[in-house]
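To start, the structure itself, in structure tokens.
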Amino acid sequence: MNKVRGFFGSKKTKGNGGSPDDKDKKTPDKHGLLKEPWRCLGRKGTWTEKYAKELLSEIQKHDFKKTDLSNIRILLLGPVSAGKSSFLNTVASIDTGRMSQITVAAGSSSSTTSALKKYRPAEKLKNFCILDTMGVEDSDQGGLNLKDVVYVVKGNIPPDYKFNPASPIDEGNKDFRSDPNNKEKIHCVVFVSDANVIGQNNISDATRAKIKALQDELKVIDIPRIVLLTKIDVLCKLVEADIENVYKSPKVEEAVRLAQELYYIPEQNIFPVKNYENEMEMDFKKDILPLLALRQMINVGTDFFRSSSAARDDDEEF
Ligand SMILES: Nc1nc2c(ncn2[C@@H]2O[C@H](COP(=O)(O)OP(=O)(O)OP(=O)(O)O)[C@@H](O)[C@H]2O)c(=O)[nH]1
Ligand SMILES: [Mg+2]
0 MNKVRGFFGS
10 KKTKGNGGSP
20 DDKDKKTPDK
30 HGLLKEPWRC
40 LGRKGTWTEK
50 YAKELLSEIQ
60 KHDFKKTDLS
70 NIRILLLGPV
80 SAGKSSFLNT
90 VASIDTGRMS
100 QITVAAGSSS
110 STTSALKKYR
120 PAEKLKNFCI
130 LDTMGVEDSD
140 QGGLNLKDVV
150 YVVKGNIPPD
160 YKFNPASPID
170 EGNKDFRSDP
180 NNKEKIHCVV
190 FVSDANVIGQ
200 NNISDATRAK
210 IKALQDELKV
220 IDIPRIVLLT
230 KIDVLCKLVE
240 ADIENVYKSP
250 KVEEAVRLAQ
260 ELYYIPEQNI
270 FPVKNYENEM
280 EMDFKKDILP
290 LLALRQMINV
300 GTDFFRSSSA
310 ARDDDEEF
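Just so we're aligned: 103 in numbering that gives the first Met the number 0 is position 104 of the sequence shown, and the numbers increase by one with no gaps anywhere.
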């Protein structure tokens with residue numbers, strides 16, 4: 000058997016087909032869990048408070064002092080009710096160390112969030128800010144318009160801008176920033192997606208078309224893209240019972256595989272999470288998955304910022 004360990008310790012089997020040994024590992028045990036995890040927490044990773052703290056300090060280690068940037072800017076995109084605002088509240092809760100609600104999260108058929116909301120953690124976390132948006136819906140009549148998304152990513156739209164799905168922003172609008180600086184641009188785009196919708200492979204053709212069109216636009220800018228798969232506790236009862244089961248859950252593994260196909264994003268950039276939603280207390284174990292996702296967002300966002308700044312500096316020499 001020829002195994003290579005991927006990014007974050009994800010396990011991949013080289014060669015075609017799998018040995019009987021591999022098939023055995025893919026067969027769930029009597030509880031319904033895989034015998035071998037489909038991903039590991041990482042070399043040093045354990046489901047402990049110590050590890051949660053280590054992730055927290057890794058996120059803060061970047062030093063932007065010699066640059067004109069103070070924060071990596073992360074944009075959350077996704078359908079209505081995918082869990083975008085809940086992720087923002089989850090990050091705020093980790094930052095403050097207590098259950099925090101800085102934006103309204105509620106299940107509803109039309110988007111609860113309608114303005115571009117910027118959140119910058121200020122207590123335990125630093126180095127990044129997150130922008131929450133209105134849901135991207137299948138039809139162009141409701142939710143965020145594709146044109147608006149591209150303007151947000153390029154930094155043309157200011158925070159607190161109230162979206163109007165019937166009328167996308169245009170360059171003549173008084174709020175339009177025609178020459179955004181580095182601090183105003185997005186450095187990492189995060190597609191937030193309900194793992195239950197993905198897991199049932201229940202994606203409409205209209206949604207697929209919209210995702211494809213968005214991906215094509217974003218590829219031109221070459222901006223890093225990450226997928227957050229939310230509500231894994233609803234998808235898998237074993238995960239609801241114990242978050243540690245996430246990497247042994249066949250349902251979560253399948254949802255990650257389907258997300259990879261839908262978004263054309265490599266597996267190491269797809270993160271299953273369970274947001275804080277109606278908990279009364281924080282739980283360090285539940286902090287670990289959002290922290291792993293955040294760490295990657297900040298790492299790839301930093302790389303993007305540094306390479307685009309380097310390209311700009313090169314341009315200036317001519
Ligand atoms: N069980 C569970 N529920 C979640 C999770 N994430 C979000 N929810 C619930 O899903 C519903 C929608 O979440 P929101 O965070 O409002 O979704 P949104 O993407 O911001 O939606 P819009 O702003 O309307 O576009 C809320 O009732 C949340 O409590 C999760 O990981 N697990
Ligand atoms: Mg919202």
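By construction, the Cβ of each residue, glycine as well, lies at the ideal position given by its N, Cα and C atoms.
Notebook entry, point to check: Hey, is the segment 91 to 102 in contact with the segment 143 to 159, meaning 3+ C-beta pairs nearer than 8 Å?
Noted result: no
Next item on the list: Output the distance between the C-alpha atoms of G96 and A194, rounded to the nearest integer angstrom.
Entry: 26 Å
Notebook entry, point to check: What separation, rounded to the nearest whole angstrom, lies between the Cα atoms of F283 and L55?
Noted result: 11 Å
Checklist line | Own chain, CB closer than 6 Å to A114, minus 5 neighbours either side, in chain order | finding: D159, K161
Notebook entry, point to check: Beta carbon of A114: closer than 8 Å to some heavy atom of ligand 2?
Noted result: no
Notebook entry, point to check: If we ignore side chains and look at the alpha-carbon of each, how far apart do R38 and Y246 end up?
Noted result: 6 Å
Note to self: Am I right that I287 and L228 are in contact with their C-beta atoms under 8 Å? What's the rounded C-beta distance?
What the structure shows: That belief does not hold up - the Cβ atoms of I287 and L228 are roughly 15 Å apart, past 8 Å.
Checklist line | I71 to E35 span [Cα, whole Å] | finding: 35 Å
Item checked: heavy atom of ligand 1 below 8 Å from V79 C-beta -> yes
Next item on the list: With hydrogens ignored, establish whether the beta-carbon of S84 is closer than 8 Å to any heavy atom of ligand 2.
Entry: yes
Check: Do you know offhand how far A81's Cα is from M133's?
Finding: 11 Å
Checklist line | C-alpha gap between Y150 and N180, whole angstroms | finding: 13 Å
Check: Can you tell which of D221, K236, K49 has its C-alpha closest to the C-alpha of V188?
Finding: D221
Check: Near D28, which residues of its chain fall below 8 Å by C-beta distance, leaving aside the five closest residues on each side in sequence?
Finding: K34
Margin query: For the pair the segment 202 to 222 and the segment 275 to 282, tell me if three or more CB-CB distances fall below 8 Å.
Written below: no
Margin query: Is D131 near ligand 1 - that is, is its Cβ less than 8 Å away from at least one heavy atom of it?
Written below: yes
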